[in-house]
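Heads up: the sequence shown begins at 739 in the numbering used here, then just goes up one per residue. We put the CB at the ideal spot given by N, CA and C, even for glycine. Data first, discussion second: the structure below is written as structure tokens.
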Amino acid sequence: MDTNTLIIGGLIAMAVIAVLFLTLSGDDNTRAKKRVAGMSGPGKGRVGKGAEDTSGKDRRKKLEESLSKLDARQKENKKKAKVSMEQRLEQAGMTISVQQFYIGSVICAIVLGAIGVISGQDPKVSAGMLVVGGLGLPRWFVGMAKGRRQKKFITEFSNAIDVIVRGVKSGLPVNECLKIIARESPSPVNEEFHLLTESIRVGLSLDQGLERMYERMPVQEVNFFGIVLMIQQKTGGNLAEALGNLANVLRGRKMMEGKIKALSAEAKASAMIIGALPFIVAVMVHLSAPEYLAPLFTTTNGNFILLGAGTWMAIGIFIMKNMISIKV
739 MDTNTLIIGG LIAMAVIAVL FLTLSGDDNT RAKKRVAGMS GPGKGRVGKG
789 AEDTSGKDRR KKLEESLSKL DARQKENKKK AKVSMEQRLE QAGMTISVQQ
839 FYIGSVICAI VLGAIGVISG QDPKVSAGML VVGGLGLPRW FVGMAKGRRQ
889 KKFITEFSNA IDVIVRGVKS GLPVNECLKI IARESPSPVN EEFHLLTESI
939 RVGLSLDQGL ERMYERMPVQ EVNFFGIVLM IQQKTGGNLA EALGNLANVL
989 RGRKMMEGKI KALSAEAKAS AMIIGALPFI VAVMVHLSAP EYLAPLFTTT
1039 NGNFILLGAG TWMAIGIFIM KNMISIKV
């Protein structure tokens, strides 16, 4: 056998070995790809992975259902947006009844009307003072008390959430943490949480108690707190971490509000000065020369001028108020 024959035979043998090697490796790769596909496919592979996927889907489904129910409830509450006087007094933290409030309004109206008559004011002015005393001043006082109470609640609410976070981390149940807040937190946080724990004690669910708490204290912070607790109750998860994040968010909102107030203080002062300047000038001119402004009040043209000036003043004040009112 010559040399050429040996070379050709060696080349043929090497080609056959290469073909066999590629075929076998291709089969191995195909089997490996099939195993990978089987492990990553839905319903196949390891039991732990499939159970984890199913649990995640169930949790997302429960979360979607909870959020949809919450959205429907909030839309229903917006339709019932009219707040009764009893609810306003409750939101302001007043213990008087509606009947006592109306009796006080009548007394205030009589007092202001009597002051107008005794001081010799025009009958129209006295009637206006009567209306302001009966309908305006008492309601304004209730609204001011409500805003002040809500401000105090928001200031202490993040600290109350921290109490729940620390209690949950130490192993206490949520209801016990709520009782601690009701005992030790300053007013009005302790009052609201006391009513919450009492409603749970008499048989209401936590969700229903939080809904009533939001009716008594209609601020976004309480709404966020109720959403977090409701979602955690439906889907599970780390309650301490969720409430800790909520407390940080509420503190961030408060810091942002303070920053906005500081930045808009100059604009508010300018708006107050511009709005009060016409009245101050009118009073000074009336004191120095009473007959100069008399035609505005005694003639028809002067009355129309006053009406137009008052309308434009109201529009300007409304525009400036919207420009400097920034909601967080």
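Please classify residue i: is it buried, with 16 or more other beta-carbons within 10 angstroms of its beta-carbon, or exposed?
{"i": "Glu979", "result": "exposed"}
{"i": "Ser1063", "result": "exposed"}
{"i": "Ala946", "result": "It should be noted that the sequence gives Gln, not Ala, for residue 946. Classification for Gln946: exposed."}
{"i": "Ile1012", "result": "exposed"}
{"i": "Ala862", "result": "Just to set this straight, residue 862 is Lys in the shown sequence, not Ala. So Lys862 counts as exposed."}
{"i": "Val1019", "result": "exposed"}
{"i": "Thr893", "result": "exposed"}
{"i": "Ile834", "result": "exposed"}
{"i": "Met955", "result": "buried"}
{"i": "Glu936", "result": "exposed"}
{"i": "Tyr1030", "result": "exposed"}
{"i": "Leu1015", "result": "exposed"}
{"i": "Leu1017", "result": "Reading off the sequence, residue 1017 comes out as Phe, not Leu. Phe1017 should be labelled exposed."}
{"i": "Gln838", "result": "exposed"}
{"i": "Leu1025", "result": "exposed"}
{"i": "Ile848", "result": "exposed"}
{"i": "Phe891", "result": "buried"}
{"i": "Glu930", "result": "buried"}
{"i": "Leu988", "result": "buried"}
Using only the alpha-carbon positions, how far apart do residue i and residue j sit?
{"i": "Met832", "j": "Thr1038", "result": "46 Å"}
{"i": "Arg887", "j": "Leu827", "result": "11 Å"}
{"i": "Pro855", "j": "Gly1046", "result": "Sequence inspection shows Val at residue 855; the Pro mentioned does not correspond to that position. C-alpha separation (whole angstroms): 29 Å."}
{"i": "Asn986", "j": "Gly1054", "result": "38 Å"}
{"i": "Ser925", "j": "Cys846", "result": "29 Å"}
{"i": "Leu875", "j": "Ser896", "result": "33 Å"}
{"i": "Phe1035", "j": "Asn1041", "result": "6 Å"}
{"i": "Met1061", "j": "Ser1002", "result": "10 Å"}
{"i": "Gly851", "j": "Asn913", "result": "52 Å"}
{"i": "Gly866", "j": "Ile918", "result": "50 Å"}
{"i": "Lys889", "j": "Leu868", "result": "31 Å"}
{"i": "Glu1086", "j": "Gln958", "result": "Limits of the chain in this structure are 739 at one end and 1066 at the other, which puts residue 1086 out of reach."}
{"i": "Ser923", "j": "Arg950", "result": "20 Å"}
Just to confirm, does residue i get its C-beta within under 6 Å of one of the non-hydrogen atoms of the ligand FMN?
{"i": "Ile841", "result": "For the structure depicted, the ligand FMN is absent and the ligand set is empty, with no information on it obtainable."}
Going residue by residue through the segment 939-1013, where are the continuous alpha helix (DSSP H) segments of at least 4 residues, counting only ones entirely within it? 944-954 and 958-973
Completely contained alpha helix (DSSP H) runs for the segment 875-918, where each covers 4 or more residues: 875-907
Evaluate the contact criterion for the segment 961-973 versus the segment 879-886: three or more CB pairs, one atom per stretch, below 8 Å. no
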